[in-house]
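> Please read through the structure below; I'll follow up with questions.
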Amino acid sequence: MADKKTIFVAFAMEDVRCRDLLRGQSLHTDSPFEYVDMSVKEPYDEDWKARVRTRIRRSHGVIALVSKSSLTSSGQKWEISCAKEEKVPLRGFWCYKDDRTNLVGVNTNVWTWQNIAAFINSL
């Protein structure tokens, strides 16, 4: 594997445990990606959106962690929309094996390290 890729992770706050699992994987020395954390700790405003857009532009790709919570997460929806606007490669991965929520316009796969690595290696 050549250089590590910078991956922006879009997730609903209710799925923070899934985000933490992905972040933990990125700490492994042989992991093909670096984790960019833009978790929202303050209310959304235009300044937040500008900072997130800059981070998404600097990323090689965006991973959307998809669950039923994604349907009501305005922040995650905006991040996904931003990735599409900026033409940054986007792939969704379902957070839970018993939740196959469909986000229109997001190619979503089963969460396996092989699937995640395949997406990252394609960037």
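For the sequence shown, position 113 matches number 113 in full-length UniProt numbering, and the numbering has no gaps at all.
The beta-carbon is built from N, C-alpha and C at its ideal position, and this holds for glycine as well.
Taking only beta-carbon atoms, is residue 109 less than 8 Å away from chain B?
The displayed structure is made up of one protein chain only, and chain B is not part of it.
> For the region 64 to 110, which segments carrying the alpha helix (DSSP H) assignment without a break, of at least 4 residues, lie completely within its bounds, in sequence order?
With a minimum length of 4 residues, the continuous alpha helix (DSSP H) runs that stay inside the region 64 to 110 are 74 to 85.
> CB-CB under 8 Å to residue 92, same chain, minus the five flanking residues each way: which ones, in chain order?
Same-chain partners within the cutoff: 63, 64, 65, 66, 103, 106, 107, 108, 109.
> Identify, in the order they occur along the chain, each residue of the same chain with its Cβ nearer than 6 Å to the Cβ of residue 80, setting aside the five sequence neighbours on each side.
Hits under 6 Å: 10, 64.
> May I ask you to report which of helix, strand or coil DSSP gives residue 54?
Three-state result, residue 54: helix.
> According to DSSP, simplified to helix, strand and coil, what is residue 61?
Looking at residue 61 - three-state DSSP - the assignment turns out to be strand.
> Could you check whether residue 56 and residue 8 sit closer than 8 Å to each other, using their CB atoms as the reference points?
Yes; because the gap between Cβ atoms is below 8 Å, this pair is in contact.
> Contact check, residue 59 vs residue 88 under 8 Å by CB: the rounded distance?
Contact holds; Cβ gap of about 6 Å.
> Between the beta-carbon of residue 117 and the beta-carbon of residue 73, is there less than 8 Å?
Not in contact: residue 117 and residue 73 (Cβ atoms no closer than 8 Å).
> With DSSP collapsed to three states, give me the class of residue 118.
Three-state DSSP puts residue 118 in a helix.
> Classify residue 200 as helix, strand or coil using the three-state DSSP reduction.
The question about residue 200 has no answer here: the residues shown for the chain are numbered 1 through 123.
> To the nearest angstrom, report how far apart residue 51 and residue 45 are at their CA atoms.
Using only the alpha carbons, I get a separation of about 10 Å.
> Determine whether the beta carbon atoms of residue 111 and residue 94 lie at a separation below 8 Å.
Contact: yes.
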